[in-house]
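From first to last, the protein sequence lines stand for chains A and B. Here my numbering runs 5 ahead of the position in the first sequence, where the first position is 1. Here my numbering runs 5 ahead of the position in the second sequence, where the first position is 1. Below: one structure, written as structure tokens.
Number of protein chains: 2
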Amino acid sequence: MNLNPEILLALETIVGTSYIFTDEATRKNYGHDETEDLSFPPQVVVKPANTFEVSEILKVSNKYKIPTVPIGARTGLSGGALAIYGGIGISMERFNKIIEIDERNLQITTEPGVITQVLREAVAEKGLLYPVDPSSMGSCWIGGNIAENAGGARALKYGVTKDYVLNLEVVLPTGDIIWTGANTLKNSTGYNLTQLMVGSEGTLGIVTKAVLKLIPQNNYNVLLLVPFVKAEEACEAVSAIFRAGIIPSALEFMERDAIDWTLKFVDGVNVNINDNIQAHLLIEVDGNYPEILMQEAEKILHVVEQFEIDEVLFADTDEQKNALWKLRRAVGEAVKSNSIYKEVDTVVPRYELPKLLKGIKEIGNKYGFQSVCYGHAGDGNLHVNIIKGEMTDDNWQTQVPQGIREIFELTIGLKGTLSGEHGIGLVQKNYMDIAFSKVHLELMERIKAIFDPNNVLNPGKIFPDEE
Amino acid sequence: MNLNPEILLALETIVGTSYIFTDEATRKNYGHDETEDLSFPPQVVVKPANTFEVSEILKVSNKYKIPTVPIGARTGLSGGALAIYGGIGISMERFNKIIEIDERNLQITTEPGVITQVLREAVAEKGLLYPVDPSSMGSCWIGGNIAENAGGARALKYGVTKDYVLNLEVVLPTGDIIWTGANTLKNSTGYNLTQLMVGSEGTLGIVTKAVLKLIPQNNYNVLLLVPFVKAEEACEAVSAIFRAGIIPSALEFMERDAIDWTLKFVDGVNVNINDNIQAHLLIEVDGNYPEILMQEAEKILHVVEQFEIDEVLFADTDEQKNALWKLRRAVGEAVKSNSIYKEVDTVVPRYELPKLLKGIKEIGNKYGFQSVCYGHAGDGNLHVNIIKGEMTDDNWQTQVPQGIREIFELTIGLKGTLSGEHGIGLVQKNYMDIAFSKVHLELMERIKAIFDPNNVLNPGKIFPDEE
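Quick look at the structure:
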């Protein structure tokens, strides 16, 4: 792809001289996310200021048939925002304003480049809650959360990003601008393009404004860390807690290795773990009535005591709670800092977790890789970090993809799927045939084609390579 | 359209002699729903037994290019299941089995022809809740709820049908069969065809199995009936209750006329209403802790007492509660039994309800029609029944559609939309241009075309007639 001076001039005319970059440092900086060590710099980076400029850029992309990728916080875990064919990278960093917090209707209208935690804190000041909390919420953006349908620790009680998106202003790949829906809680008016856009990984349009649902803030919570002698029993306890009639606000699983590595990685967190402990559950309940939460915590204790566990850590100060959450949120980064890795984002119905965990370990033994597992056990979402460690490059390239394929075949067999919250993006696309029939994949590809007839917007993602 | 003997034989071969009908009585019986007094009998009614037979029927439809309509309980309020071009009517009545209630994963797998209340009662026996409760739940089917994205009284706390649909087995218009998603709470794997299917009114495929999310049953509730001197203050109170930090499980609005007519229509419900009362709110809170519910009920009382109200009726026996709900659920039928009518299903952000109500009355005055309003005020969803009464046929045909157009322009201006839970179907399709730009409508029409290249499945719905 040759971005000739005519094209660059057209782009410069749209965004202004200060917001177009072709230098190597900038291009490289916008060419990666948090997926493995991948690097795919765009040939030019533009930083539009508003919806109109995004639209004009996409008209240029169509006129010259240039691959164009919307770029957010670059915290993605499936390579969704990587400019794999070069072309134009549209950084959405200037879309960083909260437009309105509507306390009367419990809604927020925001631009997509707002950091998720910043948005959460802004609404919390008004006594409101935006409950979606990806582990990366301190750095990821709302726009990326929408693109990947991000989840997080509180999804099991409060739902994922899609459950909070009411309406989106979207620049379609053609440059046309639409609002996908209405600012209402209910909507039976035509096809649900809002939900089609959520999780479409920047392939069907670029979100330029989002209207999100808010709920009243909960004032209290209780946090328990439960050490299990057997990892599979920790998984079994997950389903048992729900069957006791409790919906925790978080129910997180961490394998022994995950905690050990993370304790070395983060400062200021002290947890003593006996040698015989294989896994932990971090369990939170929240609400407005402390006495009810204590009742629920006791019910949870009663459930977990039916398994082989060590002493339960009951976090009752903010300091203790923050330390435990810091530990949990750092697991991903800690595990990855140890070795070259590949991550998969398996999800199954929650009762099937023990089978999934057991199967993953067996597949690892068969193909000779170690895996560290952790994640949102409450909704059956287990992140599997496959560690290169001492494995040869050759085995890493040939054996591991085969092992991943078997892991996904296992999740599909358990009525789960490939990705719970990270998306397919680049790195999982060639496994899509496991989850979908040819007819089904073609249907999705044809949807892509009607939104994006010239295939300019984020091409080469989600769909498997041609054989 | 001529259904020649060759076509009828092909259909008979698929479903068997006992399940194909061409007699006038049967055709007429399958040619209406609850929308006005419309009647559009299909030319032939078939009653397939399973997914394979539905698929084979649609292959015949494609081969001979025959309009084909899936028919459910015929309780629809927008004419979505009417065979407006004749052709084949596929009654889904033999898909009436609950396949599995999975207590370990809090999911139910069901066929679409199960009555919503039957499904709710079946899961309640296991201590579980399927919280979606359309007013017609005693007769409507889950399949129709999915087709129209049905809501109901509890949607403001628990969400609508789309929030409970995890996965669908669908026969596409071409006859191909897919499962749209996975049986998981989280899913970031390709485009969300599950949510595209929900609310698509039987135009993109025929649902043959559905996996729905369940939640633990709540054991207690408290119900209040609050009479307001001013109808607009009743609407204002709706938003005030939420701002007090309470999420009621139901918050229903009924105009004076709605209650008066309904009291005459139903037996065994006694409510004394002072002459100066213009509207009522029916307010429910639910949960597992009765003492908390009493606290919330007191908070609600505190909020509504800031408005001009009459004595609040506090329902504390099951008998009283059932009577009040019977009253509320019968409103639609009662109002309609009085006169020829047209119904619109407006929805706006809830704080805008007073403006919506005021505007509807002004538009009625302008065009000379009476309207009776009631509905799910908690989520801004107001059903407007326009009453023919003494209006001339000529005015009914010419003035009322213009008035409806103005009502919809008002809802759009308030950032609402055309339908909250009834769908667009046949009767609202020519108002779609108010809500959507040409580009947006064309995008939806192209989605329809890739699912249904021969336009055989439920043609003539949702999209406006060509000009």
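Backbone N, C-alpha and C define an ideal beta-carbon position, used for all residues, glycine too.
Continuous beta strand (DSSP E) assignments of at least 3 residues falling wholly in the region 344 to 421 of chain A: You should have 346 to 352, 375 to 381, 386 to 392.
According to DSSP, residues forming a beta bridge with L228/A: The count along the first sequence starts at 1 and reaches residue 228/A at position 223. Answer by DSSP bridge pairing, in chain order: E289/A, A320/A.
Identified DSSP bridge partners for S60/B: The residue given as residue 60/B occupies position 55 in the second sequence. DSSP lists no partner for S60/B.
Simplified DSSP assignment, three categories, for N150/B: If you number the second sequence from 1, residue 150/B lands on position 145. DSSP places N150/B in helix when its eight states are reduced to three.
Contacting positions in the region 421 to 436 of chain B - beta carbon closer than 7 Å to chain C: Here the protein chains are A and B, and chain C is not one of them.
Whole-angstrom distance between L268/A and K235/A, CA atom to CA atom: If you number the first sequence from 1, residue 235/A lands on position 230. If you number the first sequence from 1, residue 268/A lands on position 263. The straight-line gap from Cα to Cα measures roughly 20 Å.
Any 3 or more C-beta pairs closer than 8 Å across the region 205 to 214 of chain A and the region 217 to 226 of chain B: no
7 Å Cβ cutoff met for G92/B and P75/B: Here residue 92/B corresponds to residue number 87 of the second sequence, with the count starting at 1. Here residue 75/B corresponds to residue number 70 of the second sequence, with the count starting at 1. The answer is no: Cβ separation not under 7 Å.
Proximal chain B residues relative to D181/A, where beta-carbon distance stays under 9 Å: On the first sequence, residue 181/A is found 176 positions in, with the first residue counted as 1. Chain B residues near D181/A: S442, V444, H445, L448.
Simplified DSSP assignment, three categories, for E296/B: Residue numbering aside, residue 296/B sits at position 291 when the second sequence is read from its first letter. Reduced to three states, the DSSP call for E296/B is helix.
For I439/A, the nearest candidate out of L423/A, L448/A, G430/A, V432/A (CA to CA): For this step, residue 439/A is matched to residue 434 along the first sequence. The option with the nearest alpha carbon to I439/A is L423/A.
Endpoints, beta strand (DSSP E) assigned at L97/A: Residue mapping note: residue 97/A aligns to position 92 of the first sequence, counting from 1. Checking the displayed sequence, the identity of residue 97/A turns out to be Met instead of Leu. From DSSP, M97/A is part of no beta strand (DSSP E); its letter is neither H nor E.
Beta-carbon neighbours of T194/B, restricted to chain A and to distances below 7 Å: Within the second sequence, residue 194/B is the residue found at index 189, counting from 1. Scanning chain A for C-beta atoms nearer than 7 Å to the C-beta of T194/B yields T422, L423, S424, I429, A440, reported in chain order.
For Q200/A, the first and last residue of its enclosing alpha helix (DSSP H): The sequence position of residue 200/A within the first sequence is 195, counting from 1. Per DSSP, Q200/A belongs to the alpha helix (DSSP H) from 198 to 202.
Buried versus exposed, by CB contacts within 10 Å (16 or more), R125/A: Locating residue 125/A in the first sequence gives position 120, counting from the first residue. Buried.
K453/B vs T199/B beta-carbon contact at 7 Å: For the purposes of this step, residue 453/B is identified with residue 448 of the second sequence, where counting begins at 1. For the purposes of this step, residue 199/B is identified with residue 194 of the second sequence, where counting begins at 1. No.
The region 176 to 196 of chain B touching the region 132 to 152 of chain B, judged by at least three CB pairs closer than 8 Å: Not touching, per the Cβ criterion.
Alpha helix (DSSP H) segment containing M449/A, residue limits: Working through the first sequence from its first residue, we reach residue 449/A at position 444. Looking at the DSSP string, the run of the alpha helix (DSSP H) that includes M449/A is 443 to 456.
Below-7 Å beta-carbon distance, G156/B vs any chain A residue: Within the second sequence, numbered from 1, the residue matching residue 156/B stands at position 151. Closer than 7 Å to some Cβ of chain A, the Cβ of G156/B qualifies, so yes.
Integer-rounded CB distance, given that I314/A should sit under 8 Å from F233/A: Here residue 233/A corresponds to residue number 228 of the first sequence, with the count starting at 1. Here residue 314/A corresponds to residue number 309 of the first sequence, with the count starting at 1. That pair is a contact at about 5 Å.
Cβ-Cβ distance between L256/A and A382/A below 7 Å: Translated into the one-based positions of the first sequence, residue 256/A becomes position 251. Translated into the one-based positions of the first sequence, residue 382/A becomes position 377. Yes, Cβ-Cβ distance for L256/A and A382/A is below 7 Å.
Interfacial residues, the region 305 to 337 of chain A to chain B, with Cβ spacing under 8 Å: none
Residue environment, T403/A, which counts as buried when at least 16 other CB atoms sit within 10 Å: The sequence position of residue 403/A within the first sequence is 398, counting from 1. Looking at its Cβ environment, which holds fewer than 16 other Cβ atoms inside 10 Å, T403/A is exposed.
Minimum length 3: unbroken beta strand (DSSP E) runs contained in the region 25 to 87 of chain A: 49 to 51, 73 to 76
Between the CA atoms of P253/B and E433/A - distance to the nearest angstrom: Within the first sequence, numbered from 1, the residue matching residue 433/A stands at position 428. Within the second sequence, numbered from 1, the residue matching residue 253/B stands at position 248. The sequence shown places Gln at residue 433/A, not Glu. Going by the C-alpha atoms only, they are around 42 Å apart.
Within 9 Å of chain A by C-beta, residues of the region 384 to 411 of chain B in sequence order: D384, G385, N386
Residues bridged to D315/A [DSSP beta-bridge criterion]: As a first step, residue 315/A must be located in the first sequence, where it is residue number 310. Its beta-bridge partners do not exist; DSSP assigns none.
Neighbourhood of G94/B by C-beta distance below 6 Å, restricted to the same chain and skipping five residues each side: The residue you call residue 94/B lines up with position 89 of the second sequence. Correct list, in chain order: Y35, P47, V50, V74, I76, A88.
Residues of the region 129 to 156 of chain B with Cβ closer than 9 Å to any Cβ of chain A, in chain order: G132, E153, N154, A155, G156
Those runs of the beta strand (DSSP E) which lie wholly inside the region 162 to 196 of chain A and span at least 3 residues: Taking only runs of at least 3 residues, the beta strand (DSSP E) segments lying wholly in the region 162 to 196 of chain A are 170 to 176, 182 to 184.
Per-residue DSSP class, three states only, for V212/B: Your numbering for residue 212/B matches position 207 in the second sequence. Shown here, V212/B sits in a strand according to DSSP, grouped into three states.
CA-to-CA distance, S60/B to T114/B, given in whole angstroms: The residue labelled residue 114/B in the question sits at position 109 within the second sequence. The residue labelled residue 60/B in the question sits at position 55 within the second sequence. Each residue's Cα considered, the two are about 20 Å apart.
Beta-carbon proximity list for T322/B, same chain, < 6 Å, skipping 5 on both sides: Along the second sequence, one-based indexing puts residue 322/B at 317. Here the set comprises nothing.
Buried/exposed call for N197/B, threshold 16 Cβ in 10 Å: Numbered from 1 along the second sequence, position 192 holds the residue referred to as residue 197/B. Buried, by the Cβ-count rule.
C-alpha gap between T31/A and S66/A, whole angstroms: Within the first sequence, the letter at position 26 stands for residue 31/A. Within the first sequence, the letter at position 61 stands for residue 66/A. Distance between the alpha carbons of T31/A and S66/A: 20 Å.
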